[in-house]
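One structure is given below, encoded as structure tokens.
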Amino acid sequence: MLQPIRYFSTFLFLCWPFWQVFAQTLPPLQPEQDCINAIPVCQNVYVQTNSYTGEGNDPNEIGDDSCLGTEENNDVWYIFTVQVSGNLCFTITPNDPLDDYDWAVYNLTTANCNDIRNTPSLEVSCNFAPNVGCNGLTGPNNDTMGSCARQNEPCVPVLAGQTYAVNVSNYSETNFGYTLDFSASSAVIFDNIPPELVAANSSCADVSVVFSENVLCSSVEPTDFTISGPDSVLHSVSAVMSENCAGGGNFDNLFALTISPPILVPGLYTIDLSGEVEDNCGNIGTEGSAIIDIQVNTVNVTANPDTICEGSTTRLTTDVDPASAVAYLWMPGGMTQPDPQVSPDTTTTYFVGVTDTAGCLFSGSVTVAVEPLPDATFGVSDSIVCPEESVLLTYQGDAGPDAVFAWNFGDAVVMSGADAGPYELRWASPGTKTISLKVKERGCTSLEYQQQVEVIPPPTAEFSLPAGVCNFSQAQIQYTGNASPTATFDWDFDGGVVTNGTGDGPGPHAVEWNAPGPREVSLIVTDNGCVSEVGLQRLQVFNLPQASIAPVEGQCLPGNQFRFYYDGGSNVLTYQWDFGDSTANDLSHPLHTYRSAGTKTVQLTVTDANQCQNTASTTVEVFAPPSADFTLANACQQDSLQITNLSTGPGGQPLAAFRWEFGDGGSTTAAAPVHQYTQPGSYQVILIAESSQGCKDTTRQMLTVYPRPAVRFTSQDVCEGLPAAFTNTSTIRSDIASDVIQE
């Protein structure tokens, strides 16, 4: 390795190449100017057009012991992991042959970027020589002979799995970049091999994993790892941390894991890579596992008391000096107090992990024995009983003969039984009766166990019904006692027929009898095994009043007047007539006139003194009248009268008879009469049409009969060829126009 000695020469050029005039440096503080964000080497050649500026965010990464005399100077970092052993060779060719680029190679296989400054041995090759007359070429390329030998170094032997960082520094401080070429290397330094988890370490409470190469910080997640070991606890990784990643870097191969819950049992644990991680060249790793030997310091743990009854509590403590303890974790339960109070249901072993101020973990355990509470369970033969009915109590627990039984029977009468029982109990009064028991055994008292017995009052057989009911009418009978909905009802309706069901249940029941007379209705109720006394009530069944309407003949419309007669017995109190035309009457023999024709249904409802009703009905005919109508024309004396009969019968029926009155004393019953008037004048013609039911209709019309004119004239004899004179002497009524007919 050349010593950090710099030789300078000055050359004056009159003309600069055109491309140099426009070259610019990169903006300062590029991420790759710090080792923790070095560019991963994933190809042979890297072309950098412009020079970097400054030293990045961390200006002190290279120490004074490096051969780079000015340490970092407009520099950039590269990093790679060797895939196949061989020689590392590369050449840096400046874009401007006069530029002076320097470089150094660091072995970071077991170190990280922060170690470079204070660990000179990490620098395995370096060159800080000027490039006068050598076109700026430099690198570990074995070109160590000739006039340019001092700016080159031998190739570096490297082994598979080793990680190296390369620093390239622009001492010239120009704007121009370079080409970095690894093609001459016999070692394979850019990888296409996925990263693997290869090792794990533990120190006190810290657990870390090592990958076969640097992996991207962004690709490592807590869920990428699974942990298994001898404690049979499901551990998980709650956090992942890397020194490089925490410092702002993009990659690292060493990551610290935070395990939750902490491992309290020493032994060999396996950490598996179960997710995906990505290396600097985009390769995805999904494999690898490592075994760690967790060593945990022991601590004394006590429980006071260490034996408790089920449901009681005890306090857990350790002999750790509270001043040196940072955190506690008790399992099961996850308690974090130094002395938690616990109440396990069964005998339980508690483990504690204590972290001290140095980050080391101490663990211990204690077993708390739990004595089960005695079982105070008992059963009752019936939960619902009648007064003075026996109930049998039977203890169903597992307490031994030395147990103490504390029974509370309330106001029950103990017929027999002692200690664990069985007991026979009875109650004289109804109500909800509570029986309780506590059992004490081995110093532990059970929880109080209770059972309730419902002593129900005997059911009553009360029901409601009317004092009387009409024959063939329904009496509503309803239970009104205290029985529950599940009770059974035994009814006797004394020959009555239930019309709204089967007659079971509390009702209401609609019951009717088809014969008059006194009746007895009885009921027996059974409720939860308790039977009532017989309930008995009487009612009278009344006969219905007689309802009858005397026959009525049909009448014609209009002019009808019907007389209706009640044709029944004398015990009727009220009458209600319905004439079938939306009219009514409450007389016994009403008169009624109909305003329309047709068949009318007449209904009579009679009510007697017992409010029993009966109904009769009949029909009456109201006949529609015929329609009398005719046409005629005025006539002359002695002419036959022209009459057209237009009369019609009801519903198109033929008419039975006609009567014509001509006003001159003449009449006829012909349907189509012929009549002559002998005298002139005005006459009233009357037509009476009669239907087959005897209904008549009359119509009238006036007729004028004109006298016949008397035709006469006079004349004188005249000579042939002379005009003759005629004189009209005819007579005619002055109010009638006439025509003179000449011949």
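Mind the numbering: the sequence shown is residues 0 to 742 in numbering that gives the first Met the number 0, read in order.
Idealized CB from N, CA, C, for every residue including glycine.
Owing to the predicted nature of the structure, the values given are computational and were not obtained by experimental measurement.
Linking L233 to D344 through their CA atoms gives a straight-line distance of about 22 Å. Q636 carries a coil assignment under DSSP once its states are collapsed to helix, strand and coil. In this model, M330 and V298 are separated by some 15 Å (Cα to Cα).
C244: not part of any beta strand (DSSP E); member of the alpha helix (DSSP H) spanning 242-245, first to last residue. Contact holds between the region 302-313 and the region 367-381, because three or more Cβ pairs, one in each stretch, are under 8 Å apart. When P624, L686, C443, A671 are compared, the shortest CA-CA separation from F661 is found for L686. Under the 8 Å Cβ criterion, the region 316-328 does not count as touching the region 380-392, having fewer than three qualifying pairs. Rounded to whole angstroms, the separation of the alpha carbons of V438 and E309 is 14 Å. A contact between stretches requires three or more CB pairs, one per stretch, nearer than 8 Å, and the region 121-141 meets this requirement with the region 94-101. The C-beta separation of D271 from T225 comes to about 5 Å, placing the pair in contact by the 8 Å criterion.
The beta carbon of L25 is closer than 8 Å to those of N49, S50, Y51, T52 in its chain, skipping five residues each way along the sequence. C-alpha of L640 to C-alpha of T677: approximately 11 Å in a straight line.
In this chain, the beta strand (DSSP E) harbouring A368 covers 360-370. Cβ-Cβ distances below 7 Å link G516 to V540 in the same chain, with the five nearest sequence neighbours on each side left out; the list follows chain order. DSSP, read as helix, strand or coil, puts N130 in coil.
Taken through DSSP and simplified to helix, strand or coil, I383 comes out as strand. DSSP places Y268 inside the beta strand (DSSP E), whose first and last residues are 266-272.
By the Cβ rule, the region 486-493 counts as touching the region 513-530, because three or more pairs are nearer than 8 Å. About 37 Å separates the Cβ atoms of F377 and Y478, ruling out a contact at the 8 Å cut-off.
Minimum Cα-Cα distance from D401 among the listed residues C443, D493, D114 corresponds to C443. Burial check for V510: the Cβ neighbour count within 10 Å reaches 16 or more, so the residue is buried. Counting only residues of its own chain and dropping the five nearest sequence neighbours on each side, D493 has a CB closer than 7 Å to the CB of R518, E519, V520. Between S646 and P625, the gap from beta carbon to beta carbon is short of 8 Å. Taking one beta carbon from each stretch, the region 231-245 and the region 253-268 have 3 or more pairs nearer than 8 Å; the two touch. DSSP places S217 in the helix class (H, G or I) of the three-state scheme. CA-to-CA, the gap between Q675 and F712 works out to about 29 Å. Rounded to the nearest angstrom, the Cβ distance from F210 to E195 is 7 Å, consistent with a contact under 8 Å.
Taking the Cβ atoms as the reference, L87 lies roughly 5 Å from V157, within the contact range of under 8 Å. Annotated three-state conformation of Q150 is helix, per DSSP. For the pair D278 and D223, the CB atoms are not nearer than the 8 Å cut-off.
Pairing A245 with G287, the inter-Cα distance amounts to about 24 Å. Spatial neighbours of V496 in its own chain (CB-CB distance under 8 Å, excluding positions within 5 residues in sequence) are listed in chain order as V510, E511, W512, N513.
Straight-line measurement puts the Cα of L392 at about 10 Å from the Cα of A419.
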